[in-house]
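Report on the following structure.
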Amino acid sequence: MQHLKANTQIIVTIGPFVDVGDGFTPETGVTLGAADEAELIKHGGTTGIDISARTFGVLTGVAVDGYYNLTLTTTDTNAEGLLLVVIQDDTVFLPVKAEFMVLSEAAYDSLYVAKDAGFMDVNIKTIGRADAQETEANNLETATANYSATRGLTGTAVPAVAADAAGGLPI
68 MQHLKANTQI IVTIGPFVDV GDGFTPETGV TLGAADEAEL IKHGGTTGID
118 ISARTFGVLT GVAVDGYYNL TLTTTDTNAE GLLLVVIQDD TVFLPVKAEF
168 MVLSEAAYDS LYVAKDAGFM DVNIKTIGRA DAQETEANNL ETATANYSAT
218 RGLTGTAVPA VAADAAGGLP I
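Quick note on numbering: the sequence shown equals residues 68 to 238 in our numbering.
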């Protein structure tokens, strides 16, 4: 399943489109507007949305026969969650289904946009509710400092006491 960034136009590859008669011969002349059905279903949706007017073009080359590029618009990707594309024509090709996961812009960027350090962007101040974030982050910092102080931990030092003994690390 391919991840898509919410509210973004993107070209996705759909296929393979194969002949309805033999089930394996690639179909390279499919016209989206002429198909019996060309729809997408958004997460939580109960009806299909017509995509027959979207930009749709066949890929060329021996290894890609039967595959097409489909342009999804910002309107198509404006609902986070599962996005299902279904294209079928009962007399020409077998049904083709493609599933995508639409992620929020922040989640997508956190996963796929290059960071200098190579790590995902994590902000400790977003632990809880917006009105309590600062307090929760400060409480966590204080609790961590207190634990280190009461357990004899400073920096990266480990206490020189047997585990589970007084002053040692708890088991």
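Using N, Cα and C, we set each Cβ at its ideal position, and we do this for glycine too.
Asked: Buried versus exposed, by CB contacts within 10 Å (16 or more), G111; Found: exposed
Asked: Reduced DSSP secondary structure (H/G/I, E/B, other) of Y135; Found: strand
Asked: Inter-stretch contact (C-beta, 8 Å, three-pair minimum) for the region 162-169 and the region 140-151; Found: yes
Asked: Close beta carbons around S119, own chain, < 6 Å, minus the five adjacent residues each side; Found: L99, G100, A105
Asked: Proximity of P162 and G133 at Cβ, strictly below 8 Å; Found: no
Asked: Other residues of its chain near N74: CB distance less than 8 Å, five sequence neighbours each side excluded; Found: T141, T144, N145, E172
Asked: L178 - containing alpha helix (DSSP H), residue span; Found: 172-179
Asked: Distance between beta carbons of F160 and V79, contact taken as under 8 Å; Found: Their Cβ separation, rounded to whole angstroms, is 18 Å, which puts V79 and F160 out of contact at 8 Å.
Asked: One or two residues paired with M68 in a DSSP bridge; Found: None, per the DSSP bridge assignment.
Asked: Unbroken beta strand (DSSP E) run spanning Q155, endpoints; Found: 148-156
Asked: Cutoff 8 Å; reference G90; Cβ partners in own chain excluding five residues on either side; Found: L161
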